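> So in this note's numbering, the last one in the sequence shown is 414, and the numbering has no gaps at all.
Can you keep this structure in mind? I'll have questions shortly.
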Amino acid sequence: MNAPVHPDRAELTQRLVTELGAAFHLRASYAPDHPQVTGSLARVLATQGAWCAHEGVAEVSLILVEGHLLVDRQAIPEDASWSRGLLRAFQRLGIRGLTLVVGLDEAELGRFLDGCHGAAGPTSSRHLLVGQAGFAATESPEVAGTGGQGPASPAASPSPEQLAGARSELRAAGAGTTTRIDRLRSLIAELARSAGPAALDALRLSASRVDDREFLHGLAVAITTLRLGRALGLQGSPLEDLALGGFLHDVGHLEESGAEKDAVRRRARHPVRGAERLAGLEGIPDLAVLVALEHHLRFDGAPSYPSTVGPGKPAAAARVVAVADTWETLLGRGETGPAESLAVLRARAGTFLDPALVELFAEIVAPREPRDGV
Ligand SMILES: [Fe+2]
Ligand SMILES: [Fe+2]
């Protein structure tokens with residue numbers, strides 16, 4: 041009897057990269073329903089499943105950093121000829137990173153590849169997140185053109201009335217009273233239209249005249265979440281739901297009078313308290329409740345709070361907001377500048393924070409490393 045062969049991580053990684061590269065290539069050459077294409081999709085999914093099972097994780101990320109391919113934080117050897125097909129596909133399509141989540145099926149993967157070879161371009165979906173190059177340096181064209189503001193409008197910034205409305209709604213959400221999620225959503229939608237980092241920074245400056253720490257922190261985290269979400273390829277209502285989660289993530293800190301006085305216990309309870317408050321609000325997206333509950337869970341699954349959640353890792357949305365929250369908390373204290381804050385994020389990558397998201401975020405906040413001739 042032959043002993044079963046158990047491929048190790050390196051072998052599974054090679055298979056995954058090879059099969060994914062082949063899938064891009066085959067879809068470029070054949071119709072979507074051609075057996076070469078469907079067979080290739082099945083092999084990608086089988087390999088993804090084997091990789092995730094071997095590592096005990098729910099997803100695998102492949103990201104491009106300065107021309108090098110990293111699979112779940114580990115670089116592919118530079119002389120690996122088997123990675124060239126995928127590298128070429130990523131570069132040709134402007135793909136910066138790809139996360140394949142368990143649950144991805146042939147139909148969803150097929151739609152992604154169809155988009156890559158059609159007018160839509162690479163597009164994220166429920167089990168497949170795409171990060172695209174160029175976001176940080178340029179306005180997102182599909183967003184810059186929305187909103188009926190006219191072609192010359194540089195940014196559809198929220199009005200003072202919208203900001204004031206959002207402040208009172210944040211307080212109402214914290215108190216668990218009836219709140220108008222539609223008013224918060226309209227603020228987030230306006231923020232989402234302000235695609236460029238410069239426009240968002242200008243908004244941050246104007247809002248900073250308001251003396252309301254919780255509101256400013258929520259707004260700053262929402263803005264940074266939008267930037268990171270957009271870099272992941274999200275748009276439309278999934279992006280707005282995520283940013284709303286960022287805006288409301290610390291709602292559990294807004295205490296009623298007479299509530300928990302012990303600061304340590306209050307801090308430990310704020311995720312559960314926030315999730316409870318939000319869950320009771322009509323029209324709140326489930327994702328915002330999830331973000332409130334899990335935004336302090338650690339990426340590596342080590343004990344954190346709330347201790348009642350787990351075992352396991354935080355959901356993808358909570359991991360995105362955790363990066364934005366850490367960044368804005370560090371900057372908001374005024375003790376660390378962007379470079380030091382980024383160093384802190386990198387020091388926490390792999391333990392507290394998702395390393396792939398930290399690297400993607402680094403591309404956003406420090407988009408232009410000095411290059412020859414540029
Ligand atoms: Fe928090
Ligand atoms: Fe926070």
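Cβ atoms here follow ideal geometry from the backbone N, Cα and C, with glycine treated the same way.
Fair warning: this is a prediction, and the values are worked out from it, not measured in the lab.
Should D365 be labelled buried (16 or more other beta-carbon atoms within 10 Å of its own) or exposed?
By one-based count along the sequence shown, residue 365 stands at place 325. Counting Cβ neighbours within 10 Å, D365 comes out buried, since at least 16 surround it.
> Using alpha carbons as the reference points, say which of L210, G137, H157 lies closest to S293.
Sequence index remark: in the sequence shown, residue 293 carries index 253 (1-based). A small fix is needed here, since residue 293 is His in this sequence, not Ser. Measuring from the Cα of H293, the nearest candidate turns out to be L210.
> Taking T58 as the reference, give the member of G155, L110, W122 with the closest Cα.
Taking the first residue of the sequence shown as 1, we reach residue 58 at position 18. Closest by alpha carbon: W122.
> To which residues of the same chain is V398 closer than 8 Å at the C-beta, ignoring the five residues directly before and after it?
In the sequence shown, residue 398 corresponds to position 358, counting from 1. Within the same chain, V398 has close Cβ partners V363, L385, R386, R388, A389.
> Can you give me the C-alpha to C-alpha distance between E118 and L52, rounded to a whole angstrom?
Along the sequence shown, one-based indexing puts residue 118 at 78. Along the sequence shown, one-based indexing puts residue 52 at 12. Between E118 and L52, the C-alpha separation is close to 17 Å.
> By alpha-carbon positions, which one of Q131, A129, L56, R124 ends up nearest to V100?
In the sequence shown, counting from the first residue as 1, residue 100 sits at position 60. Looking at the Cα atoms, L56 is the closest of the given residues.
> Please report how far the alpha carbon of F130 lies from the alpha carbon of R136, in whole angstroms.
Along the sequence shown, one-based indexing puts residue 130 at 90. Along the sequence shown, one-based indexing puts residue 136 at 96. Computed Cα separation, rounded: 7 Å.
> Using a Cβ-Cβ cutoff of less than 6 Å, which residues in the same chain neighbour F287 once the five nearest sequence positions on both sides are dropped?
Your numbering for residue 287 matches position 247 in the sequence shown. Closer than 6 Å at Cβ, skipping near neighbours: G258, A262.
> Would you report the Cα separation of L144 and I228, rounded to the nearest angstrom?
For this step, residue 144 is matched to residue 104 along the sequence shown. For this step, residue 228 is matched to residue 188 along the sequence shown. Answer to the nearest angstrom: the Cα atoms are 29 Å apart.
> Could you give the distance in angstroms between the alpha-carbon of C92 and the alpha-carbon of V111?
Taking the sequence shown and counting its residues from 1, one reaches residue 92 at position 52. Taking the sequence shown and counting its residues from 1, one reaches residue 111 at position 71. Approximately 12 Å between the Cα atoms of the pair.
> Tell whether a beta-carbon distance below 8 Å holds between H335 and V361.
Numbered from its first residue, the sequence shown carries residue 335 at position 295. Numbered from its first residue, the sequence shown carries residue 361 at position 321. Yes; because the gap between Cβ atoms is below 8 Å, this pair is in contact.
> Does DSSP put H108 in a helix, a strand or coil?
On the sequence shown, position 68 is the one that residue 108 refers to. H108: strand per DSSP, three-state reduction.
> Could you give the distance in angstroms between the alpha-carbon of E254 and the alpha-carbon of L224?
Position 214 of the sequence shown, counted from the start, is the residue given in the question as residue 254. Position 184 of the sequence shown, counted from the start, is the residue given in the question as residue 224. One C-alpha to the other measures close to 15 Å.
> Touching or not, the segment 216–223 and the segment 270–277, by the rule of three or more beta carbon pairs under 8 Å?
No, the segment 216–223 does not touch the segment 270–277.
> Under the three-state reduction of DSSP, which class applies to S363: helix, strand or coil?
The residue labelled residue 363 in the question sits at position 323 within the sequence shown. The identity of residue 363 in the sequence shown is Val, whereas the question assumes Ser. Here V363 sits in helix by DSSP.
> Going by DSSP, which residues form a beta bridge with A115?
On the sequence shown, position 75 is the one that residue 115 refers to. Answer is L110, bridged to A115.
> Taking 7 Å as the cut-off, is the CB of D154 close to at least one heavy atom of ligand 1?
One-based indexing of the sequence shown puts residue 154 at position 114. No, the beta carbon of D154 sits no closer than 7 Å to any heavy atom of ligand 1.
> If you count every other CB in all the chains shown that lies within 10 Å of the CB of H310, and 16 or more means buried, which is it?
One-based indexing of the sequence shown puts residue 310 at position 270. Under this definition H310 is a buried residue.
> Within the structure, which residues are defined as neighbours of ligand 1 by a Cβ-heavy atom distance below 7 Å, reported in chain order?
The filter returns H289, D290, H293, H310, P311, H335, H336, D365, in chain order.
> With a threshold of 6 Å on Cβ separation, who are the neighbours of H108 within its own chain once the five nearest residues in sequence on each side are excluded?
On the sequence shown, residue 108 is found 68 positions in, with the first residue counted as 1. Correct list, in chain order: A115.
> In terms of residues, what are the limits of the alpha helix (DSSP H) holding I263?
Within the sequence shown, residue 263 is the residue found at index 223, counting from 1. Looking at the DSSP string, the run of the alpha helix (DSSP H) that includes I263 is 253–271.
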